[in-house]
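One structure below.
2 protein chains.
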Amino acid sequence: MVTMGDVARLAGVSKMTVSNVVNNRTGVSEPVRRRVLEVIAESGYHLNLSARTLKSGRTGVIGLAVPEVDRPYFGMLAARVIEHAARRGFHVAIEQTGAVIAGEVEAIAQSHNLQLDGLILSAVVLDPRQHQVTDGSIPIVMLGERDFGAAFDHVAMPNEEGTRAATEHLINRGCRRIAFVTGDDLEGVNVVASRRRGYAAALAERGLKADPALLVTSPVMTLESGRTAVHRLVGAGAEFDGVVAVTDTVAQGVLRGLADHGLACPRQVRLVGFDDIPESKYLVPSLTTVAPDHGWMAEMAVRLVVERMADPARPTAEYVAPFDIIARESTR
Amino acid sequence: MVTMGDVARLAGVSKMTVSNVVNNRTGVSEPVRRRVLEVIAESGYHLNLSARTLKSGRTGVIGLAVPEVDRPYFGMLAARVIEHAARRGFHVAIEQTGAVIAGEVEAIAQSHNLQLDGLILSAVVLDPRQHQVTDGSIPIVMLGERDFGAAFDHVAMPNEEGTRAATEHLINRGCRRIAFVTGDDLEGVNVVASRRRGYAAALAERGLKADPALLVTSPVMTLESGRTAVHRLVGAGAEFDGVVAVTDTVAQGVLRGLADHGLACPRQVRLVGFDDIPESKYLVPSLTTVAPDHGWMAEMAVRLVVERMADPARPTAEYVAPFDIIARESTR
DNA sequence: TTGTATGCGTTATCAA
DNA sequence: TTGATAACGCATACAA
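If you're matching them up, the sequences are chains A and B in order.
Just so we're on the same page, the numbering used here is the position in the first sequence counted from 1, plus 1254.
Just so we're on the same page, the numbering used here is the position in the second sequence counted from 1, plus 1254.
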């Protein structure tokens, strides 16, 4: 391997001069700079980032911990975060937490070992009331789901507002018996609880009764759980003319479940999701959904991490992403 | 920051002994080991990976370059690669190439700077005949798409075999006018060309004519391009009773396009995709598809990278993933 | 404008 | 079984 010293020797200068050239610092005469760059090109020299890191204590790597990158929503998030991080000169190492508490705790713990400069954690199960996760050694930004109070910077989804708007949208379309298909952690501080509050609030506002038979929960929020939810509703003889799904992925499963029972959407049952994943527009019927501004969220998360690196003492901030209701065929 | 030296001092031993304990090496007496571990726990010491890297020249990071992580297929791939790499003690840094040649070349070039121990490159546009990409400084495994001959280890998709089987499946179901919806780089050494060969081979084998009007190409392979392809077929007055889509994502777009024109699938047009992304099972109608073994591919790619680290001289190998045809509603 | 000395935290080598 | 020393490649401080 060719080192900075080799380049210095070949160019007939000192290591320091090479370092200055490599780092684009001033104070190097033009002829010397050219000579050094020549030698670098010829020799195939590459700066050793580990050595620089050892000196500076910074790796230039931001961790992104998500449940699984192959869930559409988190894949989308990862793509945006990688983009915005690159724009600021950072690389992204992805950790998969598996949506289990141990995985999310581990992601924080590992951030030391991995020498991350910062961590963006999309926690979905970690409960701030039950787990002491205050780390403090590197900037951690909580993304999207759980609210850890003022302990961390937090970029939140418009969970409650979004679901309320979605539910209102169904009501405006004439639905009166609206089911809510979601996860089962209704008590915690989490996306499931917040979105359900929005659903309940909209019903209450419009004077509709929240029928417990129309609340279908399951431990996971997947395509399969959405499908199964419909099977359960129909199996229990529940009457419903609208469904609010906790995510687009679940909604897609619901669509499948409706098809299994020959229920036409939107004619017999209208459906609305949450996230606006890329596929939603192409489903048959295309899916009405709550569309938070994902690019905005990713950019903000990266920005908060980077800014906190510069100023660790800054008070934590909480941002809620803007959103739109995208009306499509599933609620026509 | 607490260093190995600090731990050594606190434990009353040498740095080397601490290192031996941290690395689980033999030759440390039990009492000393316990004492050191105690101090480590108390002091909150964490091994500095950069320093280790500086010594060893290894980072423990494998790069994974994919077009975009938010495409379902590549998200799936990334998830599997991360899993298998973790199993072998490696972390994964994801690069997004944007499916452009410059991005793919850049990924290789950057692998130096990022101090990657290896690179898994899912190239989709880089053409081995036109670009000199032989690097040699770190192990590079080509994944899935393009064939670089013996220059790199290669884990291939069963492109030709898969599409042939898919096309045969349609013929067996009674289709006689089968369209192929794909990308437009039909000449290169790539997934588009191979899959088309499989399509053509199946038609030829069964004595069906390949009507050029039924070959619909577009520069990209997306949900939108699938949808548009159907619009173009119908707009041109083409008659077709089956569609082979180059990927499941494109197939999903095709499904949408069929719906736009009131064409019933599978009654009027049968459809088959390629990849078996998680969503395919839940589409309405559920999608018949060629299902390569993605876990197998990811595992093999990681294995090849890691093995080549150990033995850079080993001749390159080529593996083709096994696959199944999953018959679902879209070809019922 | 350029060079020298020193140290970042770890590990390999060799000696004790 | 343990310890001392010398690197790894770079950047900081300071001297020339």
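Glycine is no exception: its CB is placed at the ideal position from the N, C-alpha and C atoms.
In this text, all values refer to a predicted model and were calculated from it rather than measured experimentally.
Cross-strand partners of residue i (DSSP beta bridge)
{"i": "His1232(B)", "result": "Look at the range of chain B in this structure, 1255 to 1586, and you will see that residue 1232(B) is not part of it."}
{"i": "Asp1578(A)", "result": "Ala1545(A)"}
{"i": "Gly1372(A)", "result": "Ile1316(A)"}
{"i": "Thr1436(A)", "result": "Thr1471(A)"}
{"i": "Tyr1573(B)", "result": "Val1409(B)"}
CB contact check: residue i to chain A, cutoff 7 Å
{"i": "His1345(B)", "result": "yes"}
{"i": "Ser1472(B)", "result": "no"}
{"i": "Leu1350(B)", "result": "The sequence given here places Gln at residue 1350(B); Leu does not occur at that position. Yes, Gln1350(B) counts as interfacial toward chain A."}
{"i": "Asp1324(B)", "result": "yes"}
{"i": "Ile1336(B)", "result": "yes"}
{"i": "Ala1333(B)", "result": "yes"}
{"i": "Leu1477(B)", "result": "yes"}
{"i": "Leu1541(B)", "result": "no"}
{"i": "Leu1468(B)", "result": "no"}
{"i": "Met1411(B)", "result": "no"}
{"i": "Glu1487(B)", "result": "Per the sequence presented here, residue 1487(B) reads as Leu, with Glu not at that position. Not one chain A Cβ lies under 7 Å of Leu1487(B)."}
{"i": "Met1551(B)", "result": "no"}
{"i": "Ala1581(B)", "result": "no"}
{"i": "Ala1319(B)", "result": "no"}
{"i": "Leu1370(B)", "result": "no"}
{"i": "His1300(B)", "result": "yes"}
{"i": "Leu1291(B)", "result": "no"}
{"i": "Thr1257(B)", "result": "no"}
Minimum Cβ-Cβ distance from residue i to chain B less than 7 Å
{"i": "Tyr1536(A)", "result": "yes"}
{"i": "Ser1304(A)", "result": "yes"}
{"i": "Ala1377(A)", "result": "no"}
{"i": "Met1396(A)", "result": "no"}
{"i": "Val1558(A)", "result": "One point to set straight first is that residue 1558(A) is Leu, not Val, in the sequence displayed. No, because no Cβ of chain B sits closer than 7 Å to the Cβ of Leu1558(A)."}
{"i": "Asn1367(A)", "result": "yes"}
{"i": "Gln1506(A)", "result": "yes"}
{"i": "Met1330(A)", "result": "yes"}
{"i": "Thr1271(A)", "result": "no"}
{"i": "Leu1424(A)", "result": "no"}
{"i": "Leu1373(A)", "result": "no"}
{"i": "Ala1361(A)", "result": "no"}
Segment limits, beta strand (DSSP E) that includes residue i
{"i": "Ser1472(B)", "result": "Leu1469 to Ser1472"}
For residue i, the first and last residue of its enclosing alpha helix (DSSP H)
{"i": "Asp1565(B)", "result": "No alpha helix (DSSP H) holds Asp1565(B); DSSP gives it neither H nor E."}
{"i": "Ala1454(A)", "result": "Val1445 to Glu1459"}
{"i": "Gly1428(B)", "result": "First-last for Gly1428(B): undefined, no H or E at that position."}
{"i": "Ala1363(B)", "result": "Ile1355 to Asn1367"}
{"i": "Met1219(A)", "result": "Nothing in the structure corresponds to residue 1219(A), since chain A is present only between 1255 and 1586."}
{"i": "Thr1271(B)", "result": "Lys1269 to Val1276"}
{"i": "Pro1285(A)", "result": "Glu1284 to Ser1297"}
{"i": "Leu1462(B)", "result": "It is not in any alpha helix (DSSP H) - Leu1462(B) carries neither H nor E in the DSSP assignment."}
{"i": "Arg1279(B)", "result": "Run containing Arg1279(B): none; DSSP gives neither H nor E here."}
{"i": "Ser1304(A)", "result": "Leu1303 to Ser1310"}
Segments of 4+ residues assigned as alpha helix (DSSP H) that fall wholly inside the segment 1388 to 1426 of chain A: 1413 to 1426, all fully within the segment 1388 to 1426 of chain A.
Whole runs of the alpha helix (DSSP H) within the segment 1474 to 1544 of chain B, excluding any shorter than 4 residues: 1477 to 1489 and 1502 to 1514
Three or more C-beta pairs below 8 Å linking the segment 1332 to 1340 of chain B and the segment 1318 to 1331 of chain A: yes
Given 8 Å, three or more beta-carbon pairs between the segment 1370 to 1378 of chain B and the segment 1552 to 1571 of chain B: yes
Segment contact, 8 Å Cβ cut-off, at least three pairs: the segment 1529 to 1542 of chain B with the segment 1563 to 1574 of chain B: no
The segment 1452 to 1460 of chain B / the segment 1413 to 1430 of chain B touching (three or more Cβ pairs under 8 Å): yes
Three-pair Cβ contact test at 8 Å for the segment 1573 to 1580 of chain A versus the segment 1353 to 1367 of chain A: no
Touch test, the segment 1459 to 1470 of chain A against the segment 1429 to 1440 of chain A, Cβ-Cβ under 8 Å, three pairs minimum: yes
Segment contact flag, the segment 1282 to 1289 of chain A with the segment 1277 to 1291 of chain B, C-beta cutoff 8 Å, min 3 pairs: no
Three CB pairs or more closer than 8 Å across the segment 1493 to 1507 of chain B and the segment 1520 to 1531 of chain B: yes
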